[in-house]
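Let me begin by presenting the structure, written as structure tokens, before commenting on it.
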Amino acid sequence: MLALFKSELMRLRKGTFISLVLFMTAYFMLPKLGFWDILHRNMGFLLTLAFITLALAFGLLHGILWRKKNYWLFLLHRPMSPKTIYLSLLLSGVAVITMTVFLSLMLTSIGYDVFTDKVVDTRHYLFTLYITLLCIACYMLGTLTVLHRSKFVILCFYAMTIAFFPEPNNALAQYLPLLILLPALFYLNLQSFKPDLNSPIKSALGTGLLAAGTSYGIALVLLFTTVITYHLPLAVLGSHPDSSAKPGSMQKIWENNFKNAIGYVLENSDHPQAEHYAYQATLAKRKSLPITPWQPPYSQQLHRFDNSDNLSHPEFEESWKFSHDEMLLIGINSRTNQFTGAIGTKGFIADLNDVNEADRFAQIPHLSGGRYLSTQDSLFKMDFESRALLLKHQPAQGEFYTSGIWGPAEMPMISTNKHLILFDPRTLQDDFSSAHVDYQFGYPQSTQNAEFGYGFSVADGYLLLFLGEDYYGFDRPGAEVFVARLDGSVEQLGAREFTVHRNPAWVRHFGFMISPFIYASEELVMHTIDPFEKRFLSLDQISKQQYPNTIYTVAILLQISSVFIIFWLVTKHQLQSRLRWTWLAVVTVMGLPALLSYLVLQPIRR
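As structure tokens, then:
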């Protein structure tokens, strides 16, 4: 086993060395050329995408090298079991990833940590470990695709997105998906590595895992068929809802860049001033409102999920980055990368050795606007000249911030769990006073389902527009307009439920129609990992959904017919009892996508 491992590693040594040199060179040169270093949140995101792609490609290439006729015969004639042979080959691939991805990131992070004063936290080293594990998972998917008789196994990649797509709300949600995927992929590779690569997996567990993973990918492919059958033909004919919104639909609001958005919502309003405010809105600039709650940052979260990288000002050569290890803002000279001081809750600190526990922040703050820092109960502004944090505002008792500073300089705002707060821009930017609240708008209960919010400045205050696809309940799009006057009064000008949908029901609910279980489980898993993303639904939201009867009818017919067809297929193909029951169980639960996964994974001709 060790000899084969060494032999395989030697075969890959040149590519490994070249990759390591290229990675290290890129990490060193990119900041010199004006790009971000690996500690920046944007580079963390780009590295994740790049390494996922490279690891998957490496897995495919490595598997293809194994399957070359002469080398495959050489492997099979080794005096070892197929599982031992695969383990040797796998370890060589993992070693290559470790010596390129892990080593390059680790050496660069250590270099920044030791030879510069840049903020390098434990989370930056954890990012190195996370990326390495993610690369190993993608690599194993690549080798599995080559080893398995069906190349449609690559569709399992969609199921792997739970490890890197949603923004996790805690450390467990960050690493648990990977810790589940890695042993599953290892087991599937182990089952697929056998002398006869054209034979399917004989294990019931392996068959079930592969069928489930492929089914999620097939469900996505089926979803894309609506592009060919619906969206593309309408786009060619010039009648797609995105290009010509239907009268009575919510999409009409976006027509002509919101020119008549307020007037459209208030079309049937009986308010005496509806027409007056609708006209004013056509002359006003539109501002987006921060109505979607932020995800509070947690200790040692991966830096690619940071809302903002640092606080900085173009007139000063300092940038202030929050350190999760120190729980302080650390100042770094932008030109020399030298430490210039730290800022805590008690003020400026020249030397980190002088830090007391009282100086450290109790919560991970949210950086926004280049100069603002907020925790759930305090909003601070950075004074770059005096190197101090100025307390600008605190929410009322029982309230907490659900966003950072938002909007343009002339209309700064922040959201709490109960109010939308609009600040006087002069007092917010002033270094010698607290921020004066220009207006405080209490969110009505009716706006809880709003997906978007927009503000329009008018003569006597603000027009606030709230809208969403499920504003009045599931699949009931609507919008509501309020006028928030400067004297503190709030009045609803009108509301509208849009009875015309952008797309027909079969397109809107296609995911549920082809497989209720896949639709619901995908939403629940994503919501568990990232509960603050409104696109992902909770169990309570899913349970309250009511679909048109035609959707239920089609879903039931597809589910029942899929079960009958799979029963006929497994009987006809005379599968072993355990595999027969496995496929019946998977298709009974997952429906049509699982039936299609049987057709692409199992040999049809016997």
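Residue numbering for the sequence shown follows our numbering, beginning at 667 and increasing consecutively. Every residue gets a Cβ at the ideal spot worked out from N, C-alpha and C, and that includes glycine.
Quick check on DSSP: helix, strand or coil for residue i?
i: V786; result: coil
i: A1075; result: coil
i: S978; result: strand
i: E984; result: strand
i: T1254; result: helix
i: I1080; result: strand
i: I1015; result: strand
i: A1145; result: strand
i: M1038; result: According to the sequence as given, residue 1038 is Tyr; it is not Met. In this structure, Y1038 counts as strand in the three-state DSSP scheme.
i: M1179; result: helix
i: V1166; result: strand
i: M667; result: coil
i: K1049; result: Note that residue 1049 corresponds to Asp in the displayed sequence, not to Lys. Residue state, collapsed to three classes: strand.
i: H1032; result: strand
i: A1150; result: strand
i: Y1213; result: coil
i: L1056; result: strand
i: S869; result: coil
i: S613; result: The structure shown has nothing for residue 613, since the chain only spans 667 to 1272.
i: S989; result: strand
i: Y1137; result: coil
i: Y1067; result: strand
i: F793; result: helix
For the alpha helix (DSSP H) containing residue i, list its first residue and its last residue.
i: G1007; result: That residue, G1007, is in no alpha helix (DSSP H); its beta strand (DSSP E) goes F1005 to G1010.
i: I1184; result: P1182 to I1195
i: S758; result: P748 to I763
i: H728; result: R707 to R733
i: G700; result: Taken as a continuous stretch (DSSP letters only), G700 belongs to no alpha helix (DSSP H), as it is neither H nor E.
i: M772; result: L769 to F781
i: I846; result: A837 to S858
i: V1173; result: A1171 to R1174
i: Y943; result: A940 to L949
Terminal residues of the continuous beta strand (DSSP E) containing residue i?
i: L1159; result: V1156 to E1163
i: H1085; result: H1085 to F1089
i: N999; result: L994 to N999
i: A1062; result: Here A1062 belongs to no beta strand (DSSP E), and DSSP marks it neither H nor E.
i: K953; result: R952 to S954
Pull up the distance between the alpha-carbon of residue i and that of residue j, whole angstroms please.
i: S1100; j: Q1211; result: 46 Å
i: Y737; j: L731; result: 8 Å
i: H1167; j: F1178; result: 17 Å
i: P639; j: I1087; result: Since the first residue shown for the chain is 667 and the last is 1272, residue 639 is missing from the structure and cannot be characterised.
i: G808; j: H728; result: 8 Å
i: T1131; j: E833; result: For the record, residue 1131 in the displayed sequence is Leu; it is not Thr. Roughly 28 Å separates the two Cα atoms.
i: I1009; j: H969; result: 20 Å
i: S1209; j: L1133; result: 23 Å
i: Y693; j: C804; result: 22 Å
i: D1025; j: H937; result: 54 Å
i: G1070; j: W960; result: 8 Å
i: W920; j: E1146; result: 15 Å
i: L678; j: T811; result: 20 Å
i: T719; j: I957; result: 35 Å
i: G1139; j: A1171; result: 16 Å
i: E992; j: L847; result: 33 Å
i: V760; j: T880; result: 24 Å
i: S1081; j: L1056; result: 19 Å
i: P748; j: P861; result: 8 Å
i: L1262; j: L756; result: 30 Å
Applying the 10 Å Cβ sphere with the 16-neighbour rule, what's the burial state of residue i?
i: A1277; result: There is no way to answer for residue 1277, as the model of the chain reaches only from 667 to 1272.
i: M1079; result: buried
i: I1222; result: exposed
i: F859; result: buried
i: D1104; result: buried
i: H1175; result: buried
i: V893; result: exposed
i: M826; result: buried
i: N1115; result: buried
i: F689; result: buried
i: P849; result: exposed
i: G621; result: Examination of residue 621 is not possible in this model, given that the chain is present from 667 through 1272 alone.
i: F1061; result: According to the sequence displayed, residue 1061 carries Pro and not Phe. By the 10 Å Cβ count, P1061 comes out buried.
i: T750; result: exposed
i: L1249; result: Here residue 1249 is Trp; the residue named in the question, Leu, does not match the sequence. It counts as buried.
i: L1159; result: buried
i: E674; result: buried
> In chain order, which continuous runs of the beta strand (DSSP E) of length 3 or greater are located wholly inside the stretch 1093-1135?
Replying inline: DSSP runs (the beta strand (DSSP E)) wholly in the stretch 1093-1135: 1103-1108, 1118-1124 and 1127-1134.
> Which residue spans inside the stretch 888-934 form an unbroken beta strand (DSSP E) run of at least 3?
Replying inline: Along the stretch 888-934, the beta strand (DSSP E) does not occur as any fully enclosed run of 3 or more residues.
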